Amino acid sequence: MPLVLRPGEDADATRMAEIERTAFADNKLTPFLFPGPFPDDALEKRAEGLIAQRQNDPTTRWVKVVDTDTNTDELVAYAKWNIMDKLRDPEPSRQEFGPGCNIEMCKEYFGGIYRKRAELMGGKAYCCKLMGSHPLFVCTAYVDRFLSSYSVLDLLQTDPQYQGRGAGGMLIQFGLDMADQLRVPAYLESSPNAHGLYYRYEFRDIGQFTLNPKWNYGDADGTIYFMIRDVPEPK
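In terms of numbering that gives the first Met the number 0, the sequence shown has 148 at position 149, counting the first letter as 1, and numbering is strictly consecutive.
See below:
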């Protein structure tokens, strides 16, 4: 089936939130970080949050993959890239954990990710609005002052029915092409499941963070990998 890359639009936000929820259902860490229950309007609120973020952040680029064999060109995968091509001042850090979250566990997990990110990327143009690892959780953080330019892969989700068909690769390549045009590095934070995929696109590990096992998350993998893809040498 032909998959086609297109710009994302505000009208896609609800479908994006649905894919996000479905994609994270198989993440073994999700039930520990986000045990629920969640408000009935949680999906709607998530979609509204995605739209607000896109409208308020000029660095945001939405891109989607649609299945043109469906009558409606159904959205089957999407990504959010942040393209920083000039210095930006940081905004105050804040964290918000809504109903259904294991608040203390989330604070340690996402706080650890932010601290590691600051250690690795502070002083560089890596400003990234991180929309946590669950569609019903919103968290935003900025660190340090940004002195150079980076392209940041902030979100990438694929409908599980379309995984393994190349949609994710199309979304990754979109951001890398922009980064190459600007001659800037690309940065991301990866779950264990996606870690191997990014190696194929010349990302390399620059650090990792693992959630303290005191949280008793069983055989779930609490590790996040911090990765960068350097600017390619001119051919």
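Every residue, glycine too, gets a C-beta built ideally from N, C-alpha and C.
Note that the coordinates shown come from a computational prediction; the quantities given were computed from them, not determined experimentally.
In this structure, G206 places its C-beta atom within 7 angstroms of the C-beta atom of K115.
About 28 angstroms separates the beta carbon of N81 from that of T67, a gap too long to meet the 8 angstroms contact definition.
The alpha-carbon separation between P34 and C100 amounts to approximately 6 angstroms. Closest by C-alpha distance to H194, out of A185, L175, Q172, Y224, is Y224. Rounded to the nearest whole angstrom, the C-alpha separation of P212 and N70 is 47 angstroms.
In the structure shown, the three-state DSSP call for G167 is helix. Shown here for D11: same chain residues with a beta carbon closer than 8 angstroms to its own, the five before and five after excluded, namely W61, K63, L74, Y77 in chain order.
Under the three-state reduction of DSSP, T13 is assigned to helix.
Beta-carbon to beta-carbon, I112 and E19 are separated by about 18 angstroms, too far to satisfy the 8 angstroms threshold. Burial is judged here by how many other beta carbons sit within 10 angstroms of a residue's own beta carbon; R182 has fewer than 16 and is exposed.
Within the same chain, Cβ atoms closer than 7 angstroms to the Cβ of L49 are found at A12, M15, A16, the five residues on either side in sequence being excluded.
Between D153 and W214, the alpha-carbon positions lie close to 26 angstroms from each other.
Looking at the backbone, the Cα of Q172 and that of P159 are separated by about 20 angstroms.
For T29, the enclosing alpha helix (DSSP H) starts and ends at 29-32. Inclusion of T157 and G167 in the CB contact set at 7 angstroms is warranted, their separation being smaller than that value.
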